[in-house]
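Those protein sequence lines, which keep their order, are chains A and B. Going by the working numbering, the letters in the first sequence line up with residues 78 to 1060, in that order. Going by the working numbering, the letters in the second sequence line up with residues 2 to 91, in that order. A short write-up of the structure that comes next.
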Amino acid sequence: MTQENRINGGQIDRTKTLRFTFDGHPYTGHPGDTLASALLANGVRLMGRSFKYHRPRGPISAGSEEPNAIVELRTGARQEPNTRATVAELFDGLEANSQNRFPSLKFDLMGINDRLSPFFAAGFYYKTFMWPASFWEKIYEPIIRRAAGLGSLTREEDPDQYDKGFLHCDILIIGAGPAGLMAALTAGRAGARVILADEDFRMGGRLNAETLTIGNHSGADWAEDTVRTLAQMPNVRLMPRTTVLGAMDHGIYSAVERVSDHLPVPAPGKPRQILWRIYSRQAILAGGATERPIAFENNDRPGIMLAGALRTYANRYAVAVGDRVAVFTNNDDGLRTATDLQAKGIDIAAVIDTRQEGDLLPGIRHLKGAQVIDTAGKLGLKSITIRHANGRSETLSVNALGVSGGWNPNLNIASHHRGRPVWNDAIHAFTPPTDGPRNLTAAGAAAGALSTHAALSTGAAQANAALEALGLKTHTADIPKAEDAPLNLTPFWYVHEGKGRAWIDQQNDVTVKDVKLAKQENFTSVEHLKRYTTLGMATDQGKTSNVTGLAIMAELTGRTIPQTGTTIYRPPYTPVAMGALGGRSRGHDFKPTRLTPSHKWASEQGAIFVEVGMWLRAQWFPKPGETTWRQSVDREVLQTRASVGICDVTTLGKIDIQGRDAGAFLDRVYANTFSTLPVGKVRYGLMLREDGIVMDDGTTARLGENEWVTTTTTANAVPVFRHMEYVRQCLYPDMDVQLISTTEAWAQFSVAGPNARKLLQKVVDQDISDAAFPYMACANITVCGGLRARLFRISFSGELAYEIAVPTRYGDAMIRELMKAGEDFGAVAYGTESLGVMRVEKGHVAGNELNGQTTALNMGLGKMVSKKKDSIGMVLSQREGLTDEKGLRIVGVKPVDPSQPLTAGSHFLDKGAAATAANDGGWLTSVVYSPHLGCSIALGYLKNGSAGIGDRMRAVNLLAKTEVEVEIVSPHFFDPEGERLRG
Amino acid sequence: MRLTCPLCGARDRREFTYYGAEDYLNRPAPDAPPQAWDDYLHNRDNPAGVTRDLWYHDMGCSSWLLVTRNTVTHEILAVEAVADRKGGAA
């Protein structure tokens, strides 16, 4: 095809030709075209099928309000469903496809829904698919969804990047039409930091679509000049292709910038889209207005458009949607379509004007008091039938019809904080609420100021008001001369005549009849109307339909429109791709990954890693010949207990605590006492929540008189620090104590096993013999001839063990040095699995036991809670119910038959007791295989557990379908007297 | 949403962690009656209007902040560092 509908003029670049396809057919267009304008230029009016009835539809608009021309763009992994052809910028090679049709757009089998429409009125689904209830989810809903779907998703991963960004400005101006440009010019010249954002790829708004002049220029030229002037101001940031999506709290606006949507693929290193968070001190909504249609029978045929859209296609895109055109209007703005199109040489069949009064257009058949009562043309408009004021009907052969029912200010963003739009009797439309977002004002058509002059002057005025509010100098702008004509609108919402369907919401297929049915069934409140008919609930949020539907309901119920109400809008202003909302937080980058200082070394050893919060920790270190993880873990455990093993424990939280009151502070934070701890010693501490439940545990070392370091569990490093700061700042602000998190500052390794001391003595510069450095000692030391380090003689494994910390940047060198020093002893590196095995063998509690529901008493540590001093959680840990001597106690568990494995999460049941909640005796928290005992062992919480030692019970897991006879034993499976760690 | 931290200036909400009502500043004495502890830990007003609550500047200066705000308009009326308040809390 050869762009048969292309006419002269317009803002397209005819020197370049762009090739594209729609449903596989090749077409051409030019830079400056949208997909819709290029298709219309090629005579293609049919672009989609409607959601419910599969009615053939073409675009009714030339902007983001479009309900009908919804298409799929691109193919393969970049395929994108449900995009509006009216805003899709054309590029060379674009492949577009229609959607919601089978087998083709022109012959759609689901068009049968249209013939069956009497059955498909509002509420049809609710009333019909009631019985049986179980059928809804499995049978009805999938069928309905398939029949009434929109586009389809590609199942491939999106190859493009999406970014998030942050911007700050004094004044954010939303929309770059005459009001927005004038506001930006005024504020920019005054020196304010301005952001001007517009969803279009060409700034200028309606100025690009009209033939109106500003000063001595065409509106489009003035816009272009103004944009050029603004681009030279360093304090002004122009953001075309950027839709402001919503008004958040405190002057924050979200916006999406389509950086690369107009390109076949993004430029190297560029994102597809950016989600901006714009922090503004003042904001001006200059988003223009959206034209609304009039409802009449069969008003949805391709070729029937908003009158202003016909002008946009002719003036901006140089496209004649039809060669014989009629206009149906209730206001003077609609008349412009007739005069503009006639000036372009297009044949105007008639202007059907619902108003009786007013002047007649010269040289045009202008029918006063007339209405369009029906149309014909299955896949595109062929004729309209009109009813003259005198009652006579007439059929006119036309292939395009422009409809104007007036203009609705785009106040959406101003109502995002629930402000109620205000009805304006002068333009018969809603204008922005008076209680909208703070520091947001509206200018131009968005404020109901519909003429070009009004747009320019309110734009300048609101910019000056914003400057004044900011305490900046205002700028007296010269307002160029522009038209200032009134709209002269006489309300006319729908044609009463006709038995057929008159469409209001074309995207959700809602008709005047549906509104009447809603009224008949008493769904007259606007919220009920919306939900009963789905009016305005499609992806366009009813931009062209909400007010009309509301006005018809008002008329039917004999109320005014303000009495009937209005629905308010919510973000986003237009649909946003999930990719933009996700940004870079997807896949591997969904959250940060923290690597331990020995990560590189562990990778070299072929370690298997496990996610622990954000950390990656070595889980075990397989050796050649080992085919199962158990072989590796058993070897690591046995060798550690036989000689020495090394484990990276950097992930444990570390908090340095300093100050004269540090000991007293720790007494408050921990259930046990720390102030009595001598310098150079470490003590295990149990931290409670204020409600008496255990929060965390760990060791605290006193390195100096006023110098302490606390460790937390890996998972609680951040919450414990926050809690300590709360206790310090909020509860005991008079204490002399300071905290700093040093988790990232120190690389820390556990060195455990009978040869741990011999190994460490090779790297530690000071004497660490048992006499010089006994069990639970700690000190600031040096290693390798002078590197500062911290040494703690503490043990989680039950062995003679130390933890050694060096500044993080030496962590990699330290693990290599330790492993080298350990060669003589056959030292092994061990991971989190072996750590877990050894702590369960030793009966130490960890995350599975500190599950946020358990007390010190449950853990067998009740005596640690000192009642001689006040501490967080002390009072409430003594509550009835938490002090039950027969409550849950930690126990050890062994299978009676050592060959049987245990399953974590299994519940204790007495022999012969049914597996019911009433008979539940507690549960297994941690299960490991102990290579020393040669069987599965577990820790668990058992009711009245201390009395149960020696009993035999069943460990039942209904999920895993396992049942094992077990013996209840002491949780200290290994070296219960602790002789090894004092060795 | 933004909070103006007395030390760091106006910062995005995502730098802060919400904790709970101002009541958390008024920890009872160890020998206080159970009702006082219940009130301290559990019982909260849910005002439509001005409320005061504790926030923590996690991604900033680690200050605990007492924020006075309006739950209806979302206005932030005041932000004070708890540790700087005159008279202290305990």
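Quick reminder that beta carbons are idealized off the backbone N, C-alpha and C, glycines included.
Nearest in C-alpha terms to residue 623(A), of all of 779(A), 819(A), 239(A), 613(A), is 613(A). Its chain contains 744, 750 as the residues whose beta carbon lies nearer than 7 Å to that of residue 946(A), once the 5 sequence neighbours on both sides are disregarded; these appear in chain order. Residue 462(A) places its beta carbon 7 Å or farther from that of residue 474(A). Of 437(A), 488(A), 102(A), 738(A), the smallest CA-CA separation from residue 524(A) is found for 488(A). The C-beta distance from residue 855(A) to residue 758(A) rounds to 7 Å, short enough to fall under 8 Å. Of the other Cβ atoms in all chains shown, 16 or more fall within 10 Å of the Cβ of residue 592(A); this residue is therefore buried. Secondary structure note for residue 838(A): it is in no beta strand (DSSP E), and the uninterrupted alpha helix (DSSP H) holding it is 833–838. Contact of residue 2(B) with chain A is assigned, a C-beta pair being separated by under 7 Å. The segment 678–694 of chain A makes no contact with the segment 367–377 of chain A: fewer than 3 CB pairs, one atom from each, lie closer than 8 Å. Between residue 837(A) and residue 879(A), the gap from beta carbon to beta carbon is short of 7 Å. Rounded to whole angstroms, the Cβ separation of residue 714(A) and residue 976(A) is 19 Å, and the two are not in contact under 8 Å. For residue 245(A), no Cβ of chain B is located within less than 7 Å of the residue's own Cβ. Counting only runs of 3+ residues, the beta strand (DSSP E) found wholly inside the segment 822–892 of chain A occupies 823–829, 855–860, 864–869, 878–884, in chain order.
Residue 486(A) and residue 322(A) have their C-alpha atoms some 16 Å from each other. Residues are counted here when their Cβ sits less than 9 Å from a Cβ of chain A; for the segment 72–89 of chain B these are 74, 75, 76, 77, 82, 83, 84, 85, 86, 89, given in chain order. Excluding the 5 residues flanking it on each side, residue 66(B) has same chain C-beta neighbours closer than 8 Å at 4, 6, 7, 17, 55, 56, 57, 58, 80, 81, 82, 83, in chain order.
In the DSSP assignment, residue 538(A) falls within the alpha helix (DSSP H) that extends over 529–546. Going by beta carbons, residue 398(A) and residue 429(A) fall outside the 7 Å limit. Judged by DSSP secondary structure, residue 681(A) falls within the alpha helix (DSSP H) whose first and last residues are 676–681. By the C-beta density criterion, residue 177(A) is buried, having at least 16 other C-beta atoms within 10 angstroms. Selection 556(A), 661(A), 155(A) evaluated against residue 231(A) yields 155(A) as nearest (Cα-Cα). When Cβ-Cβ separations below 7 Å define contact, residue 961(A) makes no contact with chain B. For residue 814(A), no CB of chain B lies under 7 Å from its own CB, so it is not counted at the interface with that chain.
With its beta carbon less than 7 Å from one in chain A, residue 26(B) belongs to the interface. For the pair residue 821(A) and residue 63(B), the CB atoms are not nearer than the 7 Å cut-off. Leaving aside the five residues that flank residue 792(A) on each side, the residues in its chain whose CB is nearer than 7 Å to its CB run, in chain order, 690, 924. In the same chain as residue 1024(A), and ignoring 5 residues on each side of it, the C-beta atoms closer than 8 Å to its own belong to 963, in chain order. Between the beta-carbon of residue 113(A) and that of residue 104(A) there is about 12 Å, and that puts the pair past the 8 Å contact cut.
Secondary structure note for residue 190(A): its alpha helix (DSSP H) is the uninterrupted segment 189–192.
For residue 356(A), the uninterrupted beta strand (DSSP E) segment begins and ends at 350–362.
Interface flag for residue 19(B) against chain A is unset, since no Cβ pair is found closer than 7 Å. Against chain A, a Cβ distance below 9 Å from residue 55(B) picks out 803, 807. Look at residue 507(A) here: in three-state DSSP terms it is strand. Residue contact with chain B for residue 799(A): present (Cβ-Cβ distance below 7 Å to some residue of chain B). Annotation for residue 936(A): 771, 922, 926, 967 place their beta carbon closer than 7 Å to its own, counting only its chain and skipping 5 residues before and after.
Taking CB atoms only, residue 34(B) has no neighbour in chain A less than 7 Å away.
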